[in-house]
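Residue numbers (UniProt numbering), protein chains in the order written: chain A, 1 to 294; chain B, 1 to 354. What follows is a single structure, written as structure tokens, with notes after it.
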């Protein structure tokens, strides 16, 4: 498996945003700050901290994280809406992620708009964010069920306006690894921006899909600690980092010795137990005794 | 397609007794698994009785490549066996393994041959090891990825080659140390491997592909809808509970909360069309959709929640309620239970009227 040039990927951790959207998890502002600090210490370079437009409680936590003096870049998640962006800016964010749906299902049935409307709306939103001096990354929601050419159109507009990367989201986790392999082999050379992959775990494939996309040229992985997140969750930070280093022999500057502590911190803050058989952080994998019984 | 279960083996490893194992076997038969693998040595260690006629058909005994274990398997009534070995790089099969193979054949056993550490070898080396087998009539060649070294792309490439080169039924036995087992198993299935090792919720030493994930992925992602799945969540949770394991509420496919929608965007989408944020419908696996009110709720989700109670709520009321809900959720660090939500609503109404 070890390839000639050990490529380095980066993590965009979304434990504090998509992770907190896990059913029954609510972090306090202090929890969020503690997790952000631990991610920073572990070497995670991008932290998606939350959604400021959600209200005062969220904004309080965001301000605490922004003023903690982290080395990591702290990002606010936004819909392509003026209010979302203004809330993030007034909270003090200078790095904004702006998400738009790119599948016709989402555009037509959720927004009840057209593809053209989405492009125009995205453009206005990026310009608004930039008018406050913000750096922008763009998210393509439901990209896996959308038209690939339209995804590229969104990426092109984002690139022309100076966005730094585009997120490809498998919003309902409906990709399989071999499909990811062929999609990304075709997509990556044609995409004008670095691609970040955001995979969901509805079929237990989030980690595999993330790694195959990275191997095919995606440069960043969106993850959560313990894989917490909407429904069955997201790709787990500890699995992506470990597999990328061990199985693929590649690089990612996240310190693996910090992973058990991160898992513990998040599970405690979210009042959850780790399943014994969860890779990397589950007891069956960490307890040396369990392995000896064999 | 044959699914080879590894759940029972984990039950044995965890020290379950005869009664508990029988209950597990009973529950397991409700799942679309076809054979059950057990280590013969563990079967003996926990004093389980000789296999009966029906068990002989679907239980395979794993033998650690020694004559002593072949003899033990015979004594315990195993007719189907897997002879496993872990060869060293650059060396052929040991004489111990060869003796075990000869003996198993002489005893008329149906033999699967497993290289536990197959992923450490090249395709050519595996073919060499295959030719080294001293007997004919090996039914199944089992490719073991003991160290979890494969990713789905490598698995598909290697297994495609072996399907052509090895003249026996090919079986894939992957592990989950790095969270890739389901992806690898699915890749094996996609390239035409007909036998795959799985376990409920992916349990086992170093983990396995989760049976519920592979079955639903086969159904929804590869379009093979031949399996009945409506009781998948229930049966899997019964099996885990019989083993004393707590099923995580967000476990893919079978967790209680995987259809609980809270965030404003998601609830809004799911109300318009569930497909927006669900990869398959809850009924397909025997679960139910829930609208949860909490920190991430939006106006639309509050209104939708109350519509379920036949209350049509104004935007203004929804906004007031949402503020209270978010504050309370953060303070209590949990979602808002239905009765509490109802009380908050009544208080708002009373205030407006008063």
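We put the beta carbon where it would ideally sit given N, CA and C, even for glycine. In this text the structure is predicted, and so the values were computed from the model without any measurement.
Cβ-based burial, residue i [other Cβ within 10 Å; buried from 16]
| i | result |
| --- | --- |
| residue 31/A | buried |
| residue 9/A | buried |
| residue 275/A | buried |
| residue 57/B | exposed |
| residue 309/B | exposed |
| residue 248/B | buried |
| residue 39/B | buried |
| residue 82/A | exposed |
| residue 128/B | exposed |
| residue 88/B | exposed |
| residue 117/A | exposed |
| residue 114/A | exposed |
| residue 12/A | buried |
| residue 311/B | exposed |
| residue 231/B | exposed |
| residue 204/B | buried |
| residue 251/A | exposed |
| residue 6/A | exposed |
| residue 13/B | buried |
| residue 279/A | buried |
Cβ pair residue i, residue j closer than 7 Å
| i | j | result |
| --- | --- | --- |
| residue 229/A | residue 18/A | yes |
| residue 38/A | residue 265/A | yes |
| residue 132/B | residue 101/B | no |
| residue 197/B | residue 210/B | no |
| residue 72/A | residue 40/A | yes |
| residue 50/A | residue 16/A | yes |
| residue 240/A | residue 224/A | no |
| residue 163/B | residue 141/B | no |
| residue 253/B | residue 212/B | yes |
| residue 313/B | residue 303/B | yes |
| residue 233/A | residue 250/B | yes |
| residue 144/B | residue 116/B | yes |
Same chain, Cβ closer than 8 Å to residue i, five either side skipped, listed in chain order
| i | result |
| --- | --- |
| residue 187/B | 152, 153, 155, 156, 159 |
| residue 43/A | 253, 254, 255, 258 |
| residue 29/A | 57, 60, 61, 64 |
| residue 219/A | 9, 10, 165, 194, 195, 196 |
| residue 130/A | 136, 161, 162 |
| residue 83/B | 63, 65, 70, 97, 100, 101, 104, 111, 112, 113, 114 |
Same chain, Cβ closer than 6 Å to residue i, neighbours up to 5 away in sequence not counted
| i | result |
| --- | --- |
| residue 342/A | Because chain A in this structure spans residues 1 to 294, residue 342/A falls outside the shown range and cannot be described. |
| residue 148/B | 175, 177, 178 |
| residue 34/A | none |
| residue 93/A | 76 |
| residue 243/B | 11 |
| residue 191/B | 156, 159, 160 |
| residue 134/A | 94, 96 |
| residue 121/A | 80 |
| residue 107/B | 74 |
| residue 401/B | Nothing can be reported for residue 401/B: it is not among the residues displayed for chain B, which extend from 1 to 354. |
| residue 89/A | 132 |
In DSSP terms, what residue i is bridged to
| i | result |
| --- | --- |
| residue 220/A | 10/A, 196/A |
| residue 113/B | 83/B, 141/B |
| residue 135/A | 95/A |
| residue 261/B | 291/B |
| residue 303/A | Since the first residue of chain A shown is 1 and the last is 294, residue 303/A is not available in this structure. |
| residue 3/B | 196/B |
| residue 168/A | 140/A, 197/A |
| residue 46/A | 12/A, 73/A |
| residue 36/B | 5/B, 59/B |
| residue 171/B | 142/B, 195/B |
| residue 234/A | 200/A |
| residue 336/B | 293/B |
7 Å Cβ cutoff, residue i in contact with chain E
| i | result |
| --- | --- |
| residue 186/B | No chain E appears in the structure shown, which is made up of the protein chains A and B. |
Contacting residues, own chain, Cβ-Cβ under 7 Å from residue i (five flanking each side not counted)
| i | result |
| --- | --- |
| residue 79/B | 56, 109, 110 |
| residue 329/B | 294, 295, 335, 336 |
| residue 217/A | 184, 188 |
| residue 235/B | 27, 30, 31 |
| residue 183/B | 152 |
| residue 68/A | 33, 36, 37 |
| residue 215/A | 248 |
| residue 225/B | 219 |
Residue i: CB within 6 Å of a non-hydrogen atom of the ligand NAP
| i | result |
| --- | --- |
| residue 304/B | Summarising the ligand content, the structure contains no ligands, and the ligand NAP is consequently not present. |
Any beta strand (DSSP E) of 3 or more consecutive residues that is wholly inside the region 46-73 of chain B: 59-63
Entirely enclosed alpha helix (DSSP H) segments - the region 243-289 of chain A, minimum 4 residues: 259-269, 283-286
May I have a chain-ordered list of the alpha helix (DSSP H) segments no shorter than 4 residues that lie completely inside the region 210-262 of chain B? 211-220, 232-242
Any chance you could list the alpha helix (DSSP H) runs of at least 4 consecutive residues sitting entirely within the region 48-86 of chain A, in chain order? 56-66
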